[in-house]
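Novice: The letter at position 251 of the sequence shown is residue 251 when you use the UniProt record's numbering, and the numbering goes up by one with no holes. We treat Cβ as the ideally placed atom computed from N, Cα and C, and that holds for glycine. Treat the numbers as computed from the prediction; the structure is a model and nothing was measured. Shown below is the structure under consideration.
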Amino acid sequence: MGDESLRNRSLIRVWCGPAPPQTATVGLGPPLNCTVPSHCSTKGIESLHNVTRQKCEHLFTNTPLPDLAVGLVLLAGSLVVLCTCLILLVKLLNSLLKGQVAKAIQKVINTDLPHPLSWLTGYFAMVVGAGMTFVVQSSSVFTSAITPLIGWGASPTGLGVISIERAYPLTLGSNIGTTTTAILAALASPGDKLASSFQIALCHFFFNISGILLWYPLPFTRLPIRMAKALGERTAKYRWFAVLYLIVCFLLLPSLIFGISMAGWRALVGVGTPFLGLLFFVGLVNALQARSPGHLPKWLQTWDFLPAWMHSLQPLDQLITRARLGLDNPALSYPEEVPGPAIRVGSPRPPLHSATRL
């Protein structure tokens, strides 16, 4: 068991660098003829320690903030620094990898191995991704470095140096490489904690291995590639969709699942089963609409029978565009109050100018 006295102790260190203590003995000493230390009486003896300490020199030495507030400040600051570094890294790569350099890299990276071993190209890319991630000890740095280089076809997004089919195994290898950090940290644990620490590190490793076995070996199981292309095309059309995706998938959806799970497994099954069933039905109907619409009822061959906001992002895009135009020019928020040009009866109607999408 740990020391319970440290449960409510602040983690902010104020005093640093204790000097070697100087000990002075006060009181009656042991008898002079004491030959056996265990039989000697030490009653009435006190030791005074003169410890010289220096005050720590950091940002929160004299702060009145609690530990939670200090942690939130440090978290926000670290995220700002991390995002700034990643953005600068992306801009630097965009400025460097152009012209002949981009063509040379594209030819080397996207080239498959000779014919008998062409099926091993993806696995070799995994090894490269794992090795590069092991060198930099950060999968975020590696994936952020290759993200602006990805493109397919005539896509305007990215430089097109690395195809998305080649970036996929590189990313999977990066997920394997990042597990080496946990393994190295486990190997540095004390002897009595080594088994447990190494077990957790191996759980992380085999979790990523299971994901690769599930979503890569068979070509038809590589759903993340098709999903990435679909989301990329949607983001190219609606720029705000990327922000919506991050908020929903990384904040709202996990919070919702966690909140329902706190109510018990029955609540989670009761809510999750209909949701997964509806998701499966929509995916199946979409596949049949694209490949074999004749096998569907006439009313189900398109989603036009539903309200527009249930099968299209256009209404939400118009709402966001109007909100943006209203912030840029408040007079446009209420078009009925803005006097327009006089139109004579029988004169041609002036053309409508569509707002620019975000």
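Could you spell out where the alpha helix (DSSP H) holding ARG166 opens and where it closes?
Specialist: 164-177
Novice: Can you give the Cα-Cα distance for SER77 and THR61, rounded to whole angstroms?
Specialist: Checking the sequence, you will find Gly at residue 77 rather than Ser. Taking the straight line joining both Cα atoms gives about 17 Å.
Novice: Measure the alpha-carbon distance for ILE200 versus PRO190 and round it to whole angstroms.
Specialist: 15 Å
Novice: Excluding sequence positions up to five away, which residues of its chain have a Cβ less than 7 Å from the Cβ of ALA145?
Specialist: Taken in chain order, the residues that qualify are LEU89 and LEU93.
Novice: What number of angstroms, rounded off, separates the C-alpha of THR181 from the C-alpha of PHE250?
Specialist: 24 Å
Novice: Secondary structure at CYS85, three-state DSSP: helix, strand or coil?
Specialist: helix
Novice: Are the beta-carbon atoms of VAL161 and LEU172 separated by less than 7 Å?
Specialist: no
Novice: For LEU113 and ALA130, I'd like the C-alpha separation in whole angstroms.
Specialist: 19 Å
Novice: Please report how far the alpha carbon of GLY270 lies from the alpha carbon of ASP304, in whole angstroms.
Specialist: 30 Å
Novice: Please determine whether the Cβ atom of LEU252 lies at a distance below 6 Å from any heavy atom of the ligand ZN.
Specialist: Among the components modelled here there is no ligand, and therefore nothing to report on the ligand ZN.
Novice: Determine, using beta carbons only, whether THR133 and THR178 come nearer to each other than 7 Å.
Specialist: Yes; because the gap between Cβ atoms is below 7 Å, this pair is in contact.
Novice: Distance, Cα to Cα, residue 359 vs THR63?
Specialist: One cannot answer for residue 359 here, as it falls past the ends of the chain, which runs 1 to 358.
Novice: Less than 7 Å between the C-beta atoms of LEU284 and LEU296, yes or no?
Specialist: no
Novice: Could you give the distance in angstroms between the alpha-carbon of ALA102 and the alpha-carbon of LEU96?
Specialist: 9 Å
Novice: In the DSSP output, which residue or residues are listed as bridge partners for CYS16?
Specialist: GLN54
Novice: For TRP265, report the span of its alpha helix (DSSP H) as first-last.
Specialist: 265-291
Novice: Can you give me the C-alpha to C-alpha distance between LEU246 and LYS298, rounded to a whole angstrom?
Specialist: 36 Å
Novice: Looking only at C-alpha atoms, which of ARG226, THR302, ARG266 and LEU316 sits nearest to VAL282?
Specialist: Minimum Cα distance to VAL282 is reached at THR302.
Novice: Classify GLY277 as buried or exposed, calling it buried when 16 or more other Cβ atoms lie within 10 Å of its own Cβ.
Specialist: Under this definition GLY277 is an exposed residue.
Novice: With distances taken Cα to Cα, identify the nearest neighbour of ARG9 among TRP215, TRP119, PHE258 and LEU68.
Specialist: Checking every option, the nearest Cα to that of ARG9 belongs to LEU68.
Novice: Between which two residues does the alpha helix (DSSP H) carrying ASN208 extend?
Specialist: 194-215
Novice: Inspect the beta-carbon positions of ALA308 and PRO315 and report whether they are closer than 7 Å.
Specialist: PRO315 sits close to ALA308, with the two beta carbons spaced by under 7 Å.
Novice: Excluding sequence positions up to five away, which residues of its chain have a Cβ less than 7 Å from the Cβ of PRO293?
Specialist: GLN301
Novice: Counting along the chain, where does the alpha helix (DSSP H) carrying ARG222 start and finish?
Specialist: Unbroken run through ARG222: none, as it is neither H nor E.
Novice: Residues in the same chain with beta-carbon distance under 6 Å from GLN106, minus the five sequence neighbours each way, listed in chain order, please.
Specialist: VAL161
Novice: How would you label TRP15, buried or exposed, when you count the other beta carbons within 10 angstroms and need 16 or more for buried?
Specialist: exposed
Novice: Looking at C-alpha atoms only, which residue of ILE257, ALA263 and ASN286 is the closest neighbour of GLY272?
Specialist: ILE257
Novice: What does the alpha-carbon distance come out to for the pair GLY264 and HIS115?
Specialist: 54 Å
Novice: Considering only DSSP beta bridges, list what ILE150 is partnered with.
Specialist: ILE162
Novice: If THR235 and ALA242 are in contact, beta carbons under 8 Å, what's the gap, nearest whole angstrom?
Specialist: 5 Å
Novice: So, using beta-carbon positions, are LEU252 and ILE260 closer together than 7 Å?
Specialist: No, the pair does not count as a contact, with Cβ atoms beyond the cut-off.
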